[in-house]
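Encoded as structure tokens, the structure appears first; notes follow it.
Protein chains in written order, with this note's numbering: chain A, 646 to 922; chain B, 1033 to 1406.
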């Protein structure tokens, strides 16, 4: 007599008997909901006959060619990069300093700094977006470009800090003592010991910040005004007025950038974790 | 002139006095251990010598030059850290050559000296590996080589062997002694492990609660501990409570309950009449004999402590057996006996000579662990 035969409630019995299969079904459907639309999108970017005809008659690279010859789309990519690259640089510098401060120093408001650095993750994007429009443009009267870069920095700092902080926390400061004990002064110790050990985390934080900035839509849409659109804003404008297969292509480009950046970040931090053993 | 001279060294962390007025010397070529329980301040002393902590007060002189206030990278000492602190991003060879690189030794010479060090610690051919590929014992050797390659005046050790298993630790102790002789370097070694300290050191500095308890050779500390703490900490000891009833020219009379025993004066130096005292004796000096049913026959010869008891436990330790004996007078005692065999629950008499004890005043005596004695 197994335990299952003693359970009398039929629902309970069903659950007991089929728990593994039910769990598998839930997991499969969650993954399907996440990835199926993206899979279809990638597939449709090769479809010949427009957006809404599924299944497509023929597969083609036509939309990719068209994307590459579309000046407006290329301009949008350039615009995005002129914002994302400086924003990433600023974010990495600030996040590294924040992580260093939280790790090294006990100062009044240390826990508040940590909270403030990461809190923006939970503030609704729209709220911050509106606030930025009011403050940067209304109150300070900043130019569009500066306002957008600042907005991207604000958007990416929490994530970059969360990625960089653990590498500082797990960095063994005994290594710095060992370095000084062996005759290296403060600067040489930072250059030869501290930096090489936290560098992978900093790079990973930078990659994540870049990916986020490259994809950033909400703040950009609020703050950017009438200038050249960034790529996400360009896509938004496209699908608002006319849905073209080119949008699929751009989305695939996004996906490729984001996935490769995240994979790079993961592999770099993995390498670093092993090196610390 | 001593190589290292420490005078009046004091370190306070807020209200806590971690190191309290510590004086000691290390002579050139010596192997000195600072021995103390955790929290005794021994690591803080070492860190002040290395330059990682600033003393609140006191002097540290290396080769007769004061070094307090100079940063660690300017001191002619190198340290083997407790967790070794090998650089994970560098190879074994680069780890060892790190100090030479800092002092501007050219690459060729660096490589050559690194090779020689690898040989010295018997890790030939390991130079291109990373520290994480090495076993714990091999990492210890790398850390040692990294400290020695710079040919410092003094090498500091912060319990680096504590993470090794017993057998490997004993092996490394031997290696340390060999390498110290070969390199003719002075070692200052911090540990809580009396076994390590006794095995490797020329002299010991026993520290408790930030204060020096005793400084001396291993033999001195074992044969003539100046306090109950040192007696307890260096080797095992039985302690029996008593009271001084008389002090004469060459003996001190101690009442340990039922009868009085005269102890040679040099075994009970700092006591006066009416002091409450601990009478301490090493387990190997305790004699155990079968009581043969004659329950009350303690051989009450003058100059011996004795009582009867029942064997409660027995463990073999190589050639000796260690017995735990529940005595009628003095609670639990332990005895190490060779060439005699008793079973648990045997009734025995226990005795030791008055000339083998050390007597300490009870008040103000710190005990590292509460003894089972009642």
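Using N, Cα and C, we set each Cβ at its ideal position, and we do this for glycine too.
query	result
Select from B:1245, B:1098, B:1112 the residue whose C-alpha is nearest the C-alpha of residue 1078 of chain B.	B:1112
Reducing DSSP to helix, strand and coil, say where residue 1174 of chain B ends up.	helix
Anything in chain B within Cβ reach of residue 785 of chain A, meaning under 7 Å, just list it in chain order.	Chain B residues near residue 785 of chain A: none, gap ~44 Å exceeds 7 Å.
Whose Cβ in chain A lies nearer than 9 Å to the Cβ of residue 1178 of chain B?	823, 827
Just the C-alpha distance for residue 910 of chain A and residue 728 of chain A, rounded to the nearest angstrom, thanks.	21 Å
What ranges does the beta strand (DSSP E) occupy inside the stretch 1088-1122 of chain B, keeping only unbroken runs of at least 3 residues that lie completely in it?	1089-1094, 1109-1112
At which residues does the alpha helix (DSSP H) containing residue 757 of chain A begin and terminate?	755-763
Give the residues of chain E in contact with residue 838 of chain A, contact being defined as C-beta atoms less than 7 Å apart.	No chain E appears in the structure shown, which is made up of the protein chains A and B.
Measuring alpha carbon to alpha carbon, tell me which of B:1293, B:1339, B:1342 ends up nearest residue 1389 of chain B.	B:1293
Find the residues of chain A that neighbour residue 1110 of chain B, judging by a C-beta separation of less than 8 Å, and give them in chain order.	826, 827
When DSSP builds the beta bridges, which residues end up paired with residue 1319 of chain B?	B:1383
For residue 1256 of chain B versus residue 1312 of chain B, is the C-beta spacing smaller than 7 Å?	no
Using the Cα positions of residue 1197 of chain B and residue 747 of chain A, report the straight-line distance between them to the nearest angstrom.	37 Å
Within the continuous beta strand (DSSP E) that includes residue 1278 of chain B, where are the two ends?	1270-1279
Can you check whether the C-beta of residue 846 of chain A is within less than 7 Å of a C-beta belonging to chain B?	no
Quick check on DSSP: helix, strand or coil for residue 1085 of chain B?	coil
If residue 1279 of chain B sits next to residue 1305 of chain B, beta carbons under 8 Å apart, how far is it from one beta carbon to the other, in whole angstroms?	6 Å
Please state the DSSP three-state secondary structure of residue 1224 of chain B.	coil
So which residues on chain B does residue 841 of chain A lean against when the C-beta distance must stay under 7 Å?	1121
Using the Cβ count rule (16 or more neighbours within 10 Å means buried), how would you classify residue 1121 of chain B?	buried
Name the residue from B:1117, B:1127, B:1165, B:1082 whose alpha carbon lies nearest to the alpha carbon of residue 1110 of chain B.	B:1082
Is the CB of residue 1189 of chain B under 7 Å away from at least one CB in chain A?	no
How far does the beta strand (DSSP E) with residue 1307 of chain B in it reach, from first residue to last?	Where residue 1307 of chain B is concerned, there is no enclosing beta strand (DSSP E), given that its DSSP letter is neither H nor E.
Step through the CB atoms of chain A and report whether any lies within less than 7 Å of the CB of residue 1257 of chain B.	no
Given residue 781 of chain A, which residues of its chain have a CB within under 6 Å of its CB, disregarding the five upstream and five downstream residues?	787, 792
Could you have a look at residue 869 of chain A and say whether DSSP puts it in helix, strand or coil?	coil
Could you give the DSSP three-state label for residue 855 of chain A: helix, strand or coil?	helix
For the pair the stretch 1189-1203 of chain B and the stretch 1222-1236 of chain B, tell me if three or more CB-CB distances fall below 8 Å.	yes
For residue 874 of chain A, which residues does DSSP report across the bridge?	BP columns for residue 874 of chain A are empty, so no partner.
Hey, would you say residue 863 of chain A sits closer than 7 Å to residue 734 of chain A, going by beta carbons?	no
Taking a cut of 8 Å between CB atoms, which residues from the stretch 648-678 of chain A lie near chain B?	none
Give a yes or no on contact between the stretch 1060-1072 of chain B and the stretch 1204-1224 of chain B, applying the rule of three or more CB pairs nearer than 8 Å.	yes
Determine whether the Cβ of residue 1134 of chain B lies closer than 7 Å to any Cβ atom of chain A.	yes
Can you say whether residue 867 of chain A is buried or exposed, counting buried as having 16 or more other CB atoms within 10 angstroms of its CB?	buried
Take every Cβ of the stretch 1239-1249 of chain B, pair it with every Cβ of the stretch 1052-1064 of chain B, and state whether three or more of those distances are shorter than 8 Å.	yes
In three-state DSSP terms, what is residue 1135 of chain B?	coil
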